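Residue numbers (our numbering), protein chains in the order written: chain C, 1 to 337; chain Y, 1 to 550.
Glycine residues also receive a C-beta, built at the ideal position from the N, C-alpha and C atoms.
For clarity, every value in this text was computed on a predicted model and none was experimentally measured.
Below you'll find the structure, written out as structure tokens, and then a few comments.
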Amino acid sequence: MTERAAATAPSPDRALAPPPRRRDRSGRGRRSGRGPSLRARWLRDRSLLLMTLPAIGLLAVFHYVPTFGNIIAFQQYNPWDGVAGSPWVGLYQFERLFTDPRFWNAVGNTLVIAAVQLVFFFPVPIALAILLDSVLARRVRLVLQSIVYMPHFFSWVLVVTLFQQILGGAGLVSQALRGAGYAPLDIMASPDAFLLVVTSQMVWKDAGWGTIIFLAALAAIDQNLYESAAVDGANRWRRMWHITLPGLRPVIVLLLILKLGDILNVGFEQFYLQRDAFGSGVSEVMDTYVYHQTLVTGNFSAGAAAGLLKGAVGLVLILVANKTAHLMGEHGVYRRS
Amino acid sequence: MRLHPPIPTRRRFLGLAGAGALAALSPSVLTSCSPGEGAGGGSAAEAGSLDSLIPTHIPFEGVVPDVEGLHGAPDGFTSYPAEFIRAVPEPPGRGGSYTAMTPLWGPLPPGPGNNSFFDHVNGRLGTTVEFNFQDGNTVIDKMNAVIAGRDVADLTMIPDWVINLMPQFNRAVGELFEDLTPHLAGDAAAAYPLLANLESDAWRWNVFNDRLQGVPWPAEPFGNWVLYRRDLLEEYGLEAPTTPDELFAIGEEVNDPGGDRWAFGDFTLSMRQVFGAPKQWRYSGGELTHMFETDEWRASVEFMRRIFDAGLVHPDIVALGDNSKELLNSGRIVFNQDGIGAWHEAYGQMLGDAPDFRLDLMPVFGANGADPVMHRSDPSAQSVFVRRGLEPEQIEELLGVLNFCAAPFGTREYMDYRYGEEGVHHELDGDGAPQLTDLGAGEVNDGYYFISGRPPAVTESQFPDFVEWKTAWYNNAARFSEEDPFAGIRIQRPERFAGAETPLTDRVQDIIRGREDLGALDGAVADWRRDGGDEGREFYLGVLQEHGRD
Numbered sequence: 001m002t003e004r005a006a007a008t009a010p011s012p013d014r015a016l017a018p019p020p021r022r023r024d025r026s027g028r029g030r031r032s033g034r035g036p037s038l039r040a041r042w043l044r045d046r047s048l049l050l051m052t053l054p055a056i057g058l059l060a061v062f063h064y065v066p067t068f069g070n071i072i073a074f075q076q077y078n079p080w081d082g083v084a085g086s087p088w089v090g091l092y093q094f095e096r097l098f099t100d101p102r103f104w105n106a107v108g109n110t111l112v113i114a115a116v117q118l119v120f121f122f123p124v125p126i127a128l129a130i131l132l133d134s135v136l137a138r139r140v141r142l143v144l145q146s147i148v149y150m151p152h153f154f155s156w157v158l159v160v161t162l163f164q165q166i167l168g169g170a171g172l173v174s175q176a177l178r179g180a181g182y183a184p185l186d187i188m189a190s191p192d193a194f195l196l197v198v199t200s201q202m203v204w205k206d207a208g209w210g211t212i213i214f215l216a217a218l219a220a221i222d223q224n225l226y227e228s229a230a231v232d233g234a235n236r237w238r239r240m241w242h243i244t245l246p247g248l249r250p251v252i253v254l255l256l257i258l259k260l261g262d263i264l265n266v267g268f269e270q271f272y273l274q275r276d277a278f279g280s281g282v283s284e285v286m287d288t289y290v291y292h293q294t295l296v297t298g299n300f301s302a303g304a305a306a307g308l309l310k311g312a313v314g315l316v317l318i319l320v321a322n323k324t325a326h327l328m329g330e331h332g333v334y335r336r337s
Numbered sequence: 001m002r003l004h005p006p007i008p009t010r011r012r013f014l015g016l017a018g019a020g021a022l023a024a025l026s027p028s029v030l031t032s033c034s035p036g037e038g039a040g041g042g043s044a045a046e047a048g049s050l051d052s053l054i055p056t057h058i059p060f061e062g063v064v065p066d067v068e069g070l071h072g073a074p075d076g077f078t079s080y081p082a083e084f085i086r087a088v089p090e091p092p093g094r095g096g097s098y099t100a101m102t103p104l105w106g107p108l109p110p111g112p113g114n115n116s117f118f119d120h121v122n123g124r125l126g127t128t129v130e131f132n133f134q135d136g137n138t139v140i141d142k143m144n145a146v147i148a149g150r151d152v153a154d155l156t157m158i159p160d161w162v163i164n165l166m167p168q169f170n171r172a173v174g175e176l177f178e179d180l181t182p183h184l185a186g187d188a189a190a191a192y193p194l195l196a197n198l199e200s201d202a203w204r205w206n207v208f209n210d211r212l213q214g215v216p217w218p219a220e221p222f223g224n225w226v227l228y229r230r231d232l233l234e235e236y237g238l239e240a241p242t243t244p245d246e247l248f249a250i251g252e253e254v255n256d257p258g259g260d261r262w263a264f265g266d267f268t269l270s271m272r273q274v275f276g277a278p279k280q281w282r283y284s285g286g287e288l289t290h291m292f293e294t295d296e297w298r299a300s301v302e303f304m305r306r307i308f309d310a311g312l313v314h315p316d317i318v319a320l321g322d323n324s325k326e327l328l329n330s331g332r333i334v335f336n337q338d339g340i341g342a343w344h345e346a347y348g349q350m351l352g353d354a355p356d357f358r359l360d361l362m363p364v365f366g367a368n369g370a371d372p373v374m375h376r377s378d379p380s381a382q383s384v385f386v387r388r389g390l391e392p393e394q395i396e397e398l399l400g401v402l403n404f405c406a407a408p409f410g411t412r413e414y415m416d417y418r419y420g421e422e423g424v425h426h427e428l429d430g431d432g433a434p435q436l437t438d439l440g441a442g443e444v445n446d447g448y449y450f451i452s453g454r455p456p457a458v459t460e461s462q463f464p465d466f467v468e469w470k471t472a473w474y475n476n477a478a479r480f481s482e483e484d485p486f487a488g489i490r491i492q493r494p495e496r497f498a499g500a501e502t503p504l505t506d507r508v509q510d511i512i513r514g515r516e517d518l519g520a521l522d523g524a525v526a527d528w529r530r531d532g533g534d535e536g537r538e539f540y541l542g543v544l545q546e547h548g549r550d
């Protein structure tokens with residue numbers, strides 16, 4: 001899945017940079033016309049450029065070079081003959097994908113899950129970050145933050161097991177219901193509850209972790225703005241609407257764009273683990289499809305084709321979203337200069 | 001639209017692959033499948049005629065078993081011998097130093113230099129074997145890289161299921177690994193009496209492209225079966241079931257969700273055998289019928305649906321299915337299918353705290369008055385290969401090492417490579433059985449155990465009644481072994497045939513778990529036939545013809 005590297009090359013860490021301040025914008029006027037020559041800029045920035053070398057090296061070796069491996073999507077690859085010796089088959093692997101109803105089922109499930117994530121998961125870290133930010137006692141905030149970060153470090157096996165132990169047919173809740181003479185819960189193995197369950201698992205596991213970037217952005221908002229607004233008589237809600245959310249907007253847009261590029265990557269383990277419980281009809285996503293098509297039958301090329309397709313779709317989505325952001329006056333993934 | 005791949009997908013390797021017969025199947029396979037073979041007459045050959053390539057079987061006179069294995073079942077030993085037999089009088093090594101690569105399931109032991117167990121066994125061998133262990137759980141990824149990178153150790157152990165998943169392994173094997181035929185075929189093996197003691201079927205399984213390439217690891221004949229809590233059934237005053245209906249009735253009687261006890265785990269594979277479905281293909285009247293097309297398989301699916309519908313299966317099994325061992329050991333379920341090895345593992349964990357804990361294998365029974373059809377495992381569970389390009393004397397030294405590590409239960413050598421030095425790595429308890437010391441528990445590992453095979457035997461006499469019950473079950477079950485039309489032939493499944501299976505098994509899960517009606521089975525099987533099943537049938541018919549078994 002190396003093509004993802006190309007699609008999401010700007011690492012999310014960049015979002016940590018504070019939103020550009022006003023004087024940048026005034027600076028643009030000064031640079032209008034011919035700025036310093038390229039050579040002069042190289043010379044001026046050489047130490048900064050030097051510092052980026054390790055990161056560029058890392059990207060090149062682990063992201064860009066492996067991207068060339070996608071070439072096997074046009075072969076009938078086998079590891080013994082290698083890329084050089086495997087026969088070329090043109091678009092055969094793609095034809096096969098497109099005529100497989102299970103592939104479309106996987107694509108459909110992936111899109112539904114991604115859409116639900118976008119609507120029900122994406123806003124949660126924002127809300128949580130604003131809530132955490134409003135806790136004034138530093139110590140309490142630190143404790144709360146640590147608690148909400150923690151599930152991010154649990155493996156999916158653990159998360160799924162935990163949900164099963166609590167909400168499953170033999171879990172805490174069901175056994176309590178049975179004890180009281182009621183019918184047990186039936187959500188951990190019911191296809192109808194699938195979206196609810198997997199989204200809850202995601203929120204529980206990763207919402208806290210997702211707050212980090214937003215908290216950093218919140219910290220960069222000028223506190224004086226709040227004070228002057230309060231003086232002008234703005235209440236809590238108006239301050240949030242007119243100061244906090246606009247302050248977060250560049251970061252929200254940036255993450256939204258990155259999320260769109262990643263939209264076909266809803267995950268593997270979470271769905272693989274719960275495949276038998278909910279059935280492949282609802283739980284087969286692109287990554288599990290690739291797994292069953294390739295590793296189980298040893299057909300690496302089919303997997304590469306599906307992965308390449310996923311990457312291409314992601315790239316298009318990123319470009320479209322970024323363009324839209326620019327049209328709406330946002331910075332998007334990169335600034336236009 | 002029906003797609004035909006432009007390149008051969010019917011890659012496979014056969015124990016004895018006549019190039020002419022291959023050409024008859026698919027001309028384009030010729031170049032990719034058996035390099036170096038002349039366009040011979042494609043004479044029909046069956047596993048029996050591989051005999052000129054494998055060692056002459058010379059049984060080793062070791063400790064006499066307490067329970068003799070019948071119909072291919074393993075022997076049983078109800079106690080450790082008072083005196084261990086010395087099977088290899090002189091250290092086989094000549095002071096050489098070799099690397100060995102094997103998967104390991106469990107924590108890594110301390111490496112050479114820090115591990116007195118390695119020093120001890122290497123001393124006994126007269127050869128230094130240095131292990132490179134791979135995580136057993138990811139061994140398929142590693143082996144693909146190792147084979148593709150042509151970077152093998154002097155000795156390389158590969159589990160059989162990994163061999164089956166590696167594309168083009170039939171080509172890699174001849175280029176990377178030494179042809180052992182000149183060293184072991186026929187009477188040459190007499191120089192390695194403990195290797196000559198291994199079963200012929202297991203040796204045949206290690207013939208690739210007309211060459212003996214690997215040293216086998218003979219497997220117990222059956223892999224999985226239903227284990228049940230014999231102690232709990234006795235508490236209920238119930239006898240073990242002898243028909244599917246009795247099994248169902250017992251399930252209903254012990255099922256008590258309110259009391260946190262369910263009757264069953266998932267035992268789909270065992271029920272196929274109870275209802276008499278073939279392991280893969282049934283051959284009769286010139287026709288091949290796949291398991292999925294038989295009424296017997298359908299009956300097993302219906303039965304599984306019945307027990308799911310009745311709520312007899314634990315909800316954790318329905319949802320996750322990976323904690324069934326714990327559920328059985330803690331009595332939250334009473335019947336569960338597992339690897340047969342789970343039995344003594346459970347005893348090792350449980351008997352210390354719960355001396356009355358008892359498991360047993362569910363008796364073998366058929367449905368509707370018919371006999372069951374027991375599916376046998378392939379004869380060799382893993383293979384050990386010698387790197388190509390070693391000098392003949394080095395190969396002989398290594399075969400001497402493998403001969404040492406093939407020493408069966410009851411020999412001094414077996415104790416050495418499995419439990420280390422007495423008094424250092426293990427002590428013998430009152431019954432003469434080894435108990436690892438603290439040092440042994442930290443250092444002893446399965447490295448030497450994995451680089452060579454030995455006849456399987458039931459030896460866990462430290463557990464009450466275990467050897468008696470298990471051998472009795474085996475000797476009974478082996479009577480009902482399936483007549484597999486492809487027995488002894490190594491076949492790599494055609495890609496489309498293999499690929500069609502997951503969609504069908506997904507649907508079957510949907511049906512068994514009540515997400516789809518039983519009526520959906522016909523459509524699912526029809527899809528399977530269209531998407532690769534029928535193609536597989538033609539392919540397998542070709543294999544039968546090629547081997548003169550049609």
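- Contacts with chain Y at 8 Å (Cβ-Cβ) include C:M188.
- Between Y:W217 and Y:Q382, the beta carbon gap of about 4 Å places them in contact (Cβ cut-off 8 Å).
- Within the segment 496-512 of chain Y, contact with chain C at the beta-carbon level (separation under 7 Å) is assigned to A498, G499, T502, P503, D506, Q509, D510.
- By alpha-carbon distance to C:D276, the top candidate from Y:D66, Y:V274, Y:F60, Y:P315 is Y:P315.
- Chain order gives the chain Y residues near C:T297 as E495, A498, G499, where near means a beta carbon separation below 8 Å.
- In this structure, DSSP gives Y:R282 an extended state, which the three-state scheme calls strand.
- Here Y:H425 is not near Y:Y417, since their CB atoms are 8 Å or more apart.
- Secondary structure at Y:R211: strand, using DSSP grouped into helix, strand and coil.
- Taking all protein chains shown into account, C:R41 has fewer than 16 neighbouring C-beta atoms within 10 Å of its C-beta and is therefore exposed.
- Residue-level contact check: C:P125 does not touch chain Y, since none of the beta carbons of chain Y fall below 8 Å from its beta carbon.
- By alpha-carbon distance to Y:G286, the top candidate from Y:L541, Y:H547, Y:E546 is Y:L541.
- Annotated as distal: Y:I511 and Y:L504, with beta-carbon spacing of 8 Å or more.
- Looking at Y:A319, Y:A367, Y:G348, the one whose alpha-carbon comes closest to that of Y:T242 is Y:A367.
- Taking a Cβ-Cβ cut-off of 7 Å, the neighbours of C:H292 in chain Y comprise T502, given in sequence order.
- When Cβ-Cβ separations below 8 Å define contact, C:A277 makes contact with chain Y.
- It is roughly 15 Å from the alpha-carbon of C:L258 to the alpha-carbon of C:P125.
- Approximately 5 Å separates the beta-carbon atoms of C:F120 and C:T199; this is inside 8 Å, confirming the contact.
- Boundaries of the beta strand (DSSP E) harbouring Y:E427: 426-428, taken from the DSSP string.
- Secondary structure of Y:M350 (DSSP, three-state): helix.
- Residues are counted here when their Cβ sits less than 8 Å from a Cβ of chain Y; for the segment 54-82 of chain C these are Q76, N78, P79, W80, D81, G82, given in chain order.
- Between C:A325 and C:G332, the beta carbon gap of about 4 Å places them in contact (Cβ cut-off 8 Å).
- Scanning its chain for C-beta atoms nearer than 6 Å, with the 5 sequence neighbours on each side dropped, one finds around C:F271 the residues S283, V285, T288, in chain order.
- With a threshold of 16 other beta carbon atoms within 10 Å, Y:M374 meets it and is buried.
- Excluding residues up to 5 positions away in sequence, Y98, T99, R387 lie with their Cβ nearer than 6 Å to the Cβ of Y:D154 in the same chain.
- Under the 10 Å beta carbon count, Y:M166 is surrounded by 16 or more other beta carbons and is classified as buried.
- Residues P485 of the same chain have their beta carbon placed closer than 6 Å to that of Y:Y283, with the five preceding and five following residues left out of the count.
- Going by DSSP, C:W204 is part of the alpha helix (DSSP H) stretching over 194-219.
- In the DSSP assignment, C:W156 falls within the alpha helix (DSSP H) that extends over 156-167.
- For Y:D266, same chain residues with a beta-carbon under 7 Å away, outside a window of 5 residues either side, are V313, I317, G321, Q337 in chain order.
- Apart from sequence neighbours up to five positions away, the residues of its chain that approach C:G35 with a beta-carbon distance below 8 Å are R41, ordered along the chain.
- Interface with chain Y (8 Å Cβ-Cβ cutoff): C:G168 is included.
- The segment 180-190 of chain Y makes contact with the segment 198-215 of chain Y; the number of CB pairs closer than 8 Å reaches 3 or more.
- 8 Å or more divides the Cβ of Y:L402 from the Cβ of Y:V152.
- Beta-bridge partners assigned by DSSP to Y:A457: Y:D75.
- As the crow flies, the alpha-carbon of Y:E246 is around 16 Å from that of Y:F308.
- The continuous stretches of alpha helix (DSSP H) do not include Y:Y228, which lies in the beta strand (DSSP E) extending over residues 224-229.
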